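Quick note: the sequence shown uses the UniProt record's numbering, first residue 1, plus one each step.
Every residue gets a Cβ at the ideal spot worked out from N, C-alpha and C, and that includes glycine.
All values derive from a computational prediction rather than experimental measurement.
Just below is one structure, and these are the notes that go with it.
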Amino acid sequence: MGLVRRLASLRLTLALIVLLGVGVAFAYLREGARTWPLVVPLILLAINLMAAVMTNGVFRRQTALLVFHLALVVLLLLVAAGRLTYLNGYVGVTEDVPFEGELSESDRGPLHAGALSGVRFVNRGFHIDYAPGLQREATRNQVAWQGSDGRWHDELIGDQKPLVVSGYRFYTTFNKGFAPTFRWRDTHGYVVRGSVQLPPYPLKEYSQAAEWSPPGSTLSIWVLLDIDEIILDPAEHTSFRLPEHYKLVVRIGRERHEMHPGDSLQTADGTLEFEGLRNWMGYRVFYDWTLPWLLAACAVAVVSLAAHFWRKFTARPWDA
């Protein structure tokens with residue numbers, strides 16, 4: 001018990017709180033070190049608090065106070081577990097092109113072992129209204145997602161209402177834009193469809209260009225969307241939509257071509273056919289399995305602490 005009493009020391013508690021504060025500051029300043037500087041002091045604080053519960057007889061005599069401190073221990077351990085297993089990421093998904101479990105960028109805990117590779121959903125299109133001054137209003141994105149039973153389900157999501165599949169939360173973002181879609185036929189007759197997600201619109205309205213290489217080809221294709229109309233008028237109430245008057249400028253090496261839907265180009269590696277434009281939506285992806293348990297632990301902590309003080313204050317008349 002001597003070791004347990006030393007672990008329950010209030011001086012150790014103070015030192016660990018300072019260590020946690022240093023860890024929070026370090027994690028804030030160093031983007032690549034946001035796990036262990038927080039996890040280590042959280043686990044040590046949980047051990048310190050558990051040792052205090054074991055060695056202090058007050059907790060054994062007051063059940064509500066005991067439950068409150070045990071809930072705090074659980075909270076500390078859950079926060080630490082969340083930092084070890086979390087995921088934050090981003091992905092852009094073209095309309096009617098299935099998401100197949102891969103993110104464009106991600107930041108995850110060292111013990112993350114979710115089933116993202118098995119998540120399947122389809123962006124069915126979205127509607128966004130803009131107030132004068134290009135003030136973006138609510139995003140309404142229709143999606144279809146595949147459940148664990150293999151059946152497909154429809155759902156309407158947005159910036160605040162995520163799509164939740166296998167614990168992963170997909171939120172719409174302000175990033176969205178246009179995606180030229182192509183049909184590529186190589187010299188062996190193999191046909192594949194592909195799309196090029198152009199930079200976000202209207203954020204990068206005047207730089208709607210990107211490069212693309214067809215599957216199985218080393219050919220570098222540069223495309224530029226030249227829009228000949230006003231899509232979002234800053235002086236009016238308007239909605240995001242696909243352009244009706246445009247041309248697609250395509251450069252392959254030194255050759256320059258202008259394409260419209262249905263046009264095709266013959267290259268040394270195969271045939272490129274421009275099928276048309278689609279929308280794409282950028283999604284913020286978040287995973288933390290501890291969230292419902294954190295809510296439950298917080299509720300237990302609040303109720304037990306309220307019960308403790310209620311019993312304490314009702315032990316004697318308040319007007320005494």
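- Contact between the stretch 118-129 and the stretch 141-150 is established, with three or more Cβ pairs separated by less than 8 Å.
- Asp107 is bridged by DSSP to Asn88.
- Taking C-beta separations shorter than 7 Å and ignoring five residues to either side along the sequence, the partners of Leu84 in its chain run Thr35, Val39, Gly109, Pro110 and Leu111, following chain order.
- Around the beta carbon of Thr63, a 10 Å sphere encloses fewer than 16 other beta carbons of the protein chains shown; the residue is thus reported as exposed.
- Two segments are said to touch when three or more pairs of C-beta atoms, one from each, lie closer than 8 Å; by this definition the stretch 273-284 does not touch the stretch 215-222.
- Annotation for Ile47: the continuous alpha helix (DSSP H) segment containing it runs Trp36 to Thr55.
- In the structure shown, the three-state DSSP call for Phe126 is strand.
- With a contact defined as Cβ atoms closer than 8 Å, His127 and Arg140 qualify at about 5 Å.
- Per DSSP, Val302 is one residue of the alpha helix (DSSP H) stretching across Leu291 to Phe313.
- Around the CB of Pro215, fewer than 16 other CB atoms lie within 10 Å, so the residue is classed as exposed.
- If you draw a straight line from the Cα of Gly177 to the Cα of Thr13, it is about 51 Å long.
- Per the C-alpha coordinates, the member of Val285, Pro292, Arg311 and Phe309 positioned closest to Gly89 is Val285.
- Note: Pro214 is not bridge-paired with any residue in the DSSP secondary-structure output.
- Using a Cβ-Cβ distance cut-off of 8 Å, the stretch 304-316 and the stretch 87-107 are not in contact, since fewer than three pairs of beta carbons, one from each stretch, lie closer than that value.
- Straight through space, the alpha carbons of Thr55 and Asn48 are spaced by roughly 11 Å.
- Looking at the DSSP output, Val143 shares a beta bridge with Asn123 and Glu155.
- Residue environment for Thr314: exposed (fewer than 16 other C-beta atoms within 10 angstroms of its C-beta).
- By the neighbour-count criterion, in which a residue is buried when 16 or more other Cβ atoms sit within 10 angstroms of its Cβ, Phe174 is exposed.
- Using a Cβ-Cβ distance cut-off of 8 Å, the stretch 66-83 and the stretch 285-294 are in contact, since at least three pairs of beta carbons, one from each stretch, lie closer than that value.
- Here Thr187 is exposed: its Cβ has fewer than 16 other Cβ atoms, across all protein chains shown, within 10 Å.
- When DSSP states are grouped into helix, strand and coil, Ile231 belongs to the coil group.
- Counting along the chain, Val249 sits inside the beta strand (DSSP E) bounded by residues Tyr246 to Ile252.
- Only residues of its own chain outside the window of five on either side were considered, and among them Phe274, Glu275 and Gly276 have a CB closer than 7 Å to the CB of Pro261, listed in chain order.
- Rounded to whole angstroms, the gap between the alpha carbons of Lys247 and Ile227 is 7 Å.
- Look at the stretch 2-34 and you find no whole run of beta strand (DSSP E) that is 3 residues long or longer.
- Note that the C-beta distance between Ala51 and Val4 is below 7 Å.
- Gly177: member of the beta strand (DSSP E) spanning Tyr168 to Asp186, first to last residue.
- With 16 or more other Cβ atoms inside 10 Å of its own Cβ, Leu78 counts as buried.
- Here Val97 is actually not in contact with Tyr283; their C-beta atoms are around 13 Å apart, not less than 8 Å.
- The Cβ atoms of Gln197 and Ala179 sit closer than 7 Å to each other.
- Look at Ala71 here: in three-state DSSP terms it is helix.
- CA-CA distance, Ser117 to Pro162, rounds to 18 Å.
- Bridge pairing for Phe99: Phe121 [DSSP].
- Across the structure, Leu87 and Glu255 are spaced so that their CA atoms are roughly 43 Å apart.
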